[in-house]
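Trainee:
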């Protein structure tokens, strides 16, 4: 029996390796037979195939945007940029970000490149365009296009993000507005089967003291912090997507701030002088309409009157070198 076990062990290892290779090559349930091998073009003009070049054997994050979006796309991109910064140089090595345009006629590679530069996007994140019908099929296969919605209606596009590991067949739909530390942990650790676990065990003694944030602070964290800081240093300000909000309630009239938070898109369309100046100053990244009501706006302004220092969550081990 022992001899048989010794004889079987190498064969089992070979079988496991073969199964892993088959999954990576696309023979599994979430392989080449499921995903279209759509031809796309990235912001640098490089032609790629969706399955062969972008996802086969990789851990990826995929969303659909269009650069003319004035509502949620800028906030989505800004939030994912936060996640990219948390993951550091692992993006482009261990995992990859892909933002695919649903308006390929307008979003040429040149337009996408300019859009990426406005958000200070780092290596490992591709912005892609291609044929509208092929991209529509891709949205359907990824579960990011409701069958009841006309794909031509860009304002109704899904706000979800698909993250997954093609080699293992593990895929999940998440919100791009998730806490960036949680999203980075899923991409950097969970989808890698925790192979890069921290060498230093976490201790409850090191855990921060928690307090219940106000409604205004919660709004700032979930709606504003992707683009705005509160009292950032000079280096952070140079990389900012929007203005630092420390002291903003003293610098601006409250009535102006209140309306700006409720309907920034309308104020930009009306060419409000302050709104237009901010738009030009910050690389023409439009302030998105977050759908805030009057109660939300007042809570947010009250928090900005006297913001408390945020309690940052413990950072998982995300930027370790590839193994």
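Numbering (mature numbering (1 follows the signal peptide of the UniProt record, and there is no 0)), first residue to last: -22 to -1, 1 to 301. Note that beta-carbon positions come from the ideal geometry of N, C-alpha and C, so glycine has one too.
Start and end of the alpha helix (DSSP H) containing residue 159?
Mentor: Reading the chain shown from its first residue, position 181 is the one you call residue 159. Run containing residue 159: 158 to 166, per the alpha helix (DSSP H) assignment.
Trainee: Give a yes or no on whether 8 Å exceeds the smallest Cβ distance from residue 276 to chain D.
Mentor: Structure shown: chain D not included; a single protein chain is present.
Trainee: Assess contact between the stretch 138 to 146 and the stretch 30 to 41, defined as three or more Cβ pairs (one per stretch) separated by less than 8 Å. Is contact present?
Mentor: Yes, they touch.
Trainee: Who are residue 151's beta bridge partners in DSSP?
Mentor: Locating residue 151 in the chain shown gives position 173, counting from the first residue. Its beta-bridge partners are 140.
Trainee: Name the residue from 100, 70 and 285 whose alpha carbon lies nearest to the alpha carbon of residue 192.
Mentor: The residue you call residue 192 lines up with position 214 of the chain shown. Checked all of 100, 70 and 285; the closest Cα to residue 192 is 285.
Trainee: Should residue 238 go down as buried or exposed, given a rule of 16 or more other Cβ atoms within 10 Å for buried?
Mentor: Position 260 of the chain shown, counting from 1, holds the residue named residue 238. Looking at its Cβ environment, which holds 16 or more other Cβ atoms inside 10 Å, residue 238 is buried.
Trainee: Is the Cβ-Cβ distance between residue 27 and residue 15 less than 8 Å?
Mentor: Indexing the chain shown from 1 puts residue 27 at position 49. Indexing the chain shown from 1 puts residue 15 at position 37. Yes, they are a contact pair.
Trainee: To the nearest angstrom, report how far apart residue 70 and residue 119 are at their CA atoms.
Mentor: Position 92 of the chain shown, counting from 1, holds the residue named residue 70. Position 141 of the chain shown, counting from 1, holds the residue named residue 119. Spanning the two alpha carbons is a distance of roughly 24 Å.
Trainee: Could you check whether the stretch 270 to 279 touches the stretch 246 to 253, counting it as contact only if at least three pairs of C-beta atoms, one from each stretch, sit closer than 8 Å?
Mentor: Short answer: they don't touch.
Trainee: Between the stretch 156 to 169 and the stretch 81 to 95, do at least 3 Cβ pairs fall closer than 8 Å?
Mentor: Flag = no, the stretch 156 to 169 and the stretch 81 to 95 do not touch.
Trainee: Please give the ranges of any alpha helix (DSSP H) in the stretch 18 to 96, keeping only runs that are unbroken, at least 4 residues long and fully inside the region.
Mentor: For the stretch 18 to 96, whole alpha helix (DSSP H) runs of length 4 or above, ordered along the chain, are 51 to 65 and 87 to 96.
Trainee: Taking only the alpha-carbon atoms, compute the straight-line gap between residue 227 and residue 236 and give it to the nearest angstrom.
Mentor: Position 249 of the chain shown, counted from the start, is the residue given in the question as residue 227. Position 258 of the chain shown, counted from the start, is the residue given in the question as residue 236. Approximately 10 Å between the Cα atoms of the pair.
Trainee: Does the Cβ-Cβ distance between residue 84 and residue 108 come in under 8 Å?
Mentor: For the purposes of this step, residue 84 is taken as the residue at position 106 of the chain shown. For the purposes of this step, residue 108 is taken as the residue at position 130 of the chain shown. Contact flag unset, no.
Trainee: Measuring alpha carbon to alpha carbon, tell me which residue in 62, 54, 146 and 111 is nearest residue 9.
Mentor: Position 31 of the chain shown, counted from the start, is the residue given in the question as residue 9. Checking every option, the nearest Cα to that of residue 9 belongs to 146.
Trainee: Do residue 207 and residue 304 count as a contact pair if the criterion is CB distance below 8 Å?
Mentor: Coverage of the chain is limited to positions -22 through 301, which leaves residue 304 absent and any answer about it impossible.
Trainee: Could you please give me the residues that DSSP links to residue 107 through a beta bridge?
Mentor: For the purposes of this step, residue 107 is taken as residue 129 along the chain shown, with counting starting at 1. According to DSSP, residue 107 bridges with 19.
Trainee: By the 10 Å Cβ neighbour count, where 16 or more other Cβ atoms means buried, how is residue 374 classified, buried or exposed?
Mentor: This structure cannot speak to residue 374, because the chain is shown only from -22 to 301.
Trainee: Where does the unbroken alpha helix (DSSP H) through residue 225 begin, and where does it stop?
Mentor: For the purposes of this step, residue 225 is taken as residue 247 along the chain shown, with counting starting at 1. From DSSP, residue 225 is part of no alpha helix (DSSP H); its letter is neither H nor E.
Trainee: Closer than 8 Å is the cut-off here; do at least three beta carbon pairs connect the stretch 98 to 112 with the stretch 45 to 62?
Mentor: The stretch 98 to 112, when compared against the stretch 45 to 62, does touch it at the 8 Å Cβ threshold.
Trainee: Whole angstroms is fine: what's the gap from residue 19's alpha carbon to residue 156's?
Mentor: Within the chain shown, the letter at position 41 stands for residue 19. Within the chain shown, the letter at position 178 stands for residue 156. Spanning the two alpha carbons is a distance of roughly 28 Å.
Trainee: Less than 8 Å between the CB atoms is what I'm expecting for residue 314 and residue 268, so what's the real figure, rounded?
Mentor: A question about residue 314 goes unanswered here, because the residues of the chain that appear run from -22 up to 301.
Trainee: On a CA-only basis, which of 261, 229 and 270 is nearest residue 196? Give me that one, please.
Mentor: Here residue 196 is taken as the residue at index 218 of the chain shown, counted from 1. The candidate whose alpha carbon is nearest that of residue 196 is 270.
Trainee: Return the chain-ordered list of same chain residues with a C-beta closer than 7 Å to the C-beta of residue 198, the five sequence neighbours on each side being excluded.
Mentor: Within the chain shown, numbered from 1, the residue matching residue 198 stands at position 220. Excluding sequence neighbours, residue 198 sits near 278 and 281.
Trainee: Please report how far the alpha carbon of residue 220 lies from the alpha carbon of residue 127, in whole angstroms.
Mentor: Position 242 of the chain shown, counted from the start, is the residue given in the question as residue 220. Position 149 of the chain shown, counted from the start, is the residue given in the question as residue 127. Their backbone Cα atoms lie some 32 Å apart in a straight line.
Trainee: Relative to the C-alpha of residue 224, which residue among 50, 283 and 90 is closest?
Mentor: On the chain shown, residue 224 is found 246 positions in, with the first residue counted as 1. Considering only alpha carbons, the answer is 283.
Trainee: In this structure, does DSSP put residue 207 in helix, strand or coil?
Mentor: Mapped onto the chain shown, residue 207 falls at position 229. Coil.
Trainee: From which residue to which residue does the alpha helix (DSSP H) around residue 195 run?
Mentor: Taking the first residue of the chain shown as position 1, residue 195 is located at position 217. Residue 195 -> alpha helix (DSSP H) spans 193 to 197.
Trainee: CA-CA distance, residue 113 and residue 80?
Mentor: By 1-based counting over the chain shown, the position of residue 113 is 135. By 1-based counting over the chain shown, the position of residue 80 is 102. The alpha-carbon atoms of residue 113 and residue 80 are separated by roughly 7 Å.
Trainee: Any idea if residue 234 is buried or exposed, counting beta-carbon neighbours within 10 angstroms, 16 or more meaning buried?
Mentor: Indexing the chain shown from 1 puts residue 234 at position 256. That one is exposed.
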